[in-house]
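Enquirer: Have a look at this one before I ask anything.
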């Protein structure tokens, strides 16, 4: 058996077909080999099991990898780094040893998913399930979701996806006929036309704002705006997409300081007026990791 020793989101890769691969086996050991010292794993403290933190040279076990995987489950649900509110790894280590876990728990998490996650990060390794049990539980949880998704996919594939004229879509936006607009935009998002990424910008903006006929969807808005910011041909819309994506990262539910500041600076370099105001305000107050300037 091989123990990975460093299971965390940064070491999990996903290819274009959504196949997941575990990477970075620098610390991996066979089950009968000596473990590595904790001093070489300071960057992974947040994913490290309490029994490893309590005894630096304790023999590594399957249950420790299970604990780390449970923390990754939290990351997937929260889309944040565990203990993101705390910068000091030593403080994080002490909290884990006392039994604290990343918080708050995401509000929209499935209760069954949370139950599996909490079993996996149990303080005592004796109460943690095996990885095989976790896989089985997740598979049973995913099965009805997969069936529902496949039915929706089949229904969509049977529909005719004739694209409306782009002018009709933009007219619907200008006339605030948002239901018609979002339907047209979603079709263009799926297309390989030259308007595909501009459609992502408009769709992301509408989904972030939310309207009577278009409920807000912050996460999907982030996806669309990030794609627009990265792939829109250079135009007036590019810095707008960068600014809106940054704004959601810094002010939305799924806080992402690094990407928020990064994309905000891109928009600032393009002299986008809203970005200039927001970044000036951040520098004035010393917010989001930026020093007062």
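In full-length UniProt numbering, the protein residues as written are 1 to 293. Note that the Cβ used here is the ideal one computed from N, Cα and C, for glycine as well.
Would you identify the three-state DSSP class for residue 7, choosing helix, strand or coil?
Expert: Within the chain shown, residue 7 is the residue found at index 7, counting from 1. Residue 7 falls in the coil class under three-state DSSP.
Enquirer: Kindly list the residues whose CB is nearer than 6 angstroms to the CB of residue 122, restricted to its own chain and excluding five residues on each side of it in sequence; keep chain order.
Expert: The residue given as residue 122 occupies position 122 in the chain shown. Here the set comprises 128.
Enquirer: Quick one, which of 177, 176, 202 has its alpha-carbon nearest residue 188's?
Expert: Residue 188 sits at position 188 when you count from the first residue of the chain shown. Ranking 177, 176, 202 by Cα distance to residue 188 puts 202 first.
Enquirer: Please confirm whether residue 134 and residue 72 have their CB atoms less than 9 angstroms apart.
Expert: Stepping through the chain shown from its first residue, residue 134 is reached at position 134. Stepping through the chain shown from its first residue, residue 72 is reached at position 72. Contact: no.
Enquirer: With a cut-off of 8 angstroms on the beta carbons, I'd call residue 125 and residue 61 a contact; round off their distance for me.
Expert: As a working note, residue 125 is residue 125 in the chain shown. As a working note, residue 61 is residue 61 in the chain shown. In this structure, residue 125 and residue 61 form a Cβ contact; the two beta carbons are roughly 7 angstroms apart against a cut-off of 8 angstroms.
Enquirer: Terminal residues of the continuous alpha helix (DSSP H) containing residue 21?
Expert: On the chain shown, residue 21 is found 21 positions in, with the first residue counted as 1. If you look at residue 21, you'll find it isn't in any alpha helix (DSSP H); it sits in the beta strand (DSSP E) that goes 20–22.
Enquirer: I need the DSSP call for residue 163, collapsed to helix, strand or coil.
Expert: Translated into positions along the chain shown, residue 163 becomes position 163. DSSP places residue 163 in coil when its eight states are reduced to three.
Enquirer: Looking at residue 246: is its Cβ nearer than 9 angstroms to the Cβ of residue 259?
Expert: Counted from its first residue, the chain shown places residue 246 at position 246. Counted from its first residue, the chain shown places residue 259 at position 259. Yes, Cβ-Cβ distance for residue 246 and residue 259 is below 9 angstroms.
Enquirer: Mark residue 52 as exposed unless 16 or more other C-beta atoms lie within 10 angstroms of its C-beta, in which case mark it buried.
Expert: Sequence index remark: in the chain shown, residue 52 carries index 52 (1-based). The residue is buried, with at least 16 neighbouring Cβ atoms inside 10 Å.
Enquirer: Which partner residues does residue 13 have in the DSSP bridge list?
Expert: In the chain shown, the residue the question calls residue 13 occupies position 13. For residue 13, which the question treats as bridged, DSSP gives the partners 21.
Enquirer: Please state whether the Cβ-Cβ distance between residue 140 and residue 77 is less than 9 angstroms.
Expert: Reading the chain shown from its first residue, position 140 is the one you call residue 140. Reading the chain shown from its first residue, position 77 is the one you call residue 77. No. Outside cutoff.
Enquirer: Quick one: Cα of residue 170 to Cα of residue 94, how far?
Expert: Taking the first residue of the chain shown as 1, we reach residue 170 at position 170. Taking the first residue of the chain shown as 1, we reach residue 94 at position 94. Rounded to the nearest angstrom, the two C-alpha atoms are 55 angstroms apart.
Enquirer: Compute the Euclidean distance between the alpha carbons of residue 292 and residue 227, then round it to the nearest angstrom.
Expert: Within the chain shown, residue 292 is the residue found at index 292, counting from 1. Within the chain shown, residue 227 is the residue found at index 227, counting from 1. Rounded to whole angstroms, residue 292 to residue 227 spans 31 angstroms at the Cα level.
Enquirer: Can residue 10 and residue 24 be called in contact, C-beta distance under 9 angstroms?
Expert: One-based indexing of the chain shown puts residue 10 at position 10. One-based indexing of the chain shown puts residue 24 at position 24. In this structure, residue 10 sits near residue 24, with a CB-CB distance shorter than 9 angstroms.
Enquirer: What residue from 225, 193, 191, 197 has the CA that sits closest to residue 207's CA?
Expert: Your numbering for residue 207 matches position 207 in the chain shown. Of the listed residues, the one whose Cα sits closest to residue 207 is 225.
Enquirer: Please return the same chain residues whose Cβ sits closer than 6 angstroms to the Cβ of residue 220, not counting the five positions on each side in sequence.
Expert: Residue mapping note: residue 220 aligns to position 220 of the chain shown, counting from 1. Hits under 6 angstroms: 207.
Enquirer: Would residue 115 and residue 82 qualify as a contact pair, given that the criterion is a beta-carbon distance under 9 angstroms?
Expert: If you number the chain shown from 1, residue 115 lands on position 115. If you number the chain shown from 1, residue 82 lands on position 82. Result no, Cβ atoms of residue 115 and residue 82 do not sit closer than 9 angstroms.
Enquirer: Would residue 14 and residue 50 qualify as a contact pair, given that the criterion is a beta-carbon distance under 9 angstroms?
Expert: The sequence position of residue 14 within the chain shown is 14, counting from 1. The sequence position of residue 50 within the chain shown is 50, counting from 1. No.
Enquirer: Let's see if you can read the secondary structure: which residues bound the alpha helix (DSSP H) around residue 74?
Expert: Numbered from 1 along the chain shown, position 74 holds the residue referred to as residue 74. That run of the alpha helix (DSSP H) goes 62–78.
Enquirer: Return the chain-ordered list of same chain residues with a C-beta closer than 7 angstroms to the C-beta of residue 8, the five sequence neighbours on each side being excluded.
Expert: By one-based count along the chain shown, residue 8 stands at place 8. Excluding positions up to five away in sequence, the list reads 44, 47, 68, 72.
Enquirer: Can you give me the C-alpha to C-alpha distance between residue 110 and residue 145, rounded to a whole angstrom?
Expert: Within the chain shown, residue 110 is the residue found at index 110, counting from 1. Within the chain shown, residue 145 is the residue found at index 145, counting from 1. Answer to the nearest angstrom: the Cα atoms are 12 angstroms apart.
Enquirer: So, at 6 angstroms on beta carbons, what are the nonlocal neighbours of residue 239 in its own chain, with the 5 sequence-adjacent residues on each side left out?
Expert: For this step, residue 239 is matched to residue 239 along the chain shown. So the qualifying residues of the chain are 267, 270, 272.
Enquirer: Go to residue 223, then tell me how far its alpha helix (DSSP H) extends in each direction, as first and last residue.
Expert: One-based indexing of the chain shown puts residue 223 at position 223. That run of the alpha helix (DSSP H) goes 218–231.
Enquirer: Taking a contact to mean a Cβ-Cβ separation below 9 angstroms, would you say residue 192 touches residue 80 in this structure?
Expert: In the chain shown, the residue the question calls residue 192 occupies position 192. In the chain shown, the residue the question calls residue 80 occupies position 80. Going by C-beta atoms, residue 192 is not nearer than 9 angstroms to residue 80.
Enquirer: According to DSSP, is residue 375 part of a helix, a strand, or is it coil?
Expert: In the structure displayed, the chain extends from 1 to 293; residue 375 sits before or after that span and is not available.
Enquirer: Please report the residue range of the alpha helix (DSSP H) in which residue 294 lies.
Expert: Because residue 294 is not part of the residues shown, which for the chain are 1 to 293, the question remains open.
Enquirer: Does DSSP classify residue 84 as helix, strand or coil?
Expert: Translated into positions along the chain shown, residue 84 becomes position 84. Residue 84 falls in the coil class under three-state DSSP.
Enquirer: Just checking residue 236 against the ligand MG - is the residue's beta carbon closer than 8 angstroms to any of the ligand's heavy atoms?
Expert: The ligand MG is not part of the structure shown, which contains no ligands of any sort.
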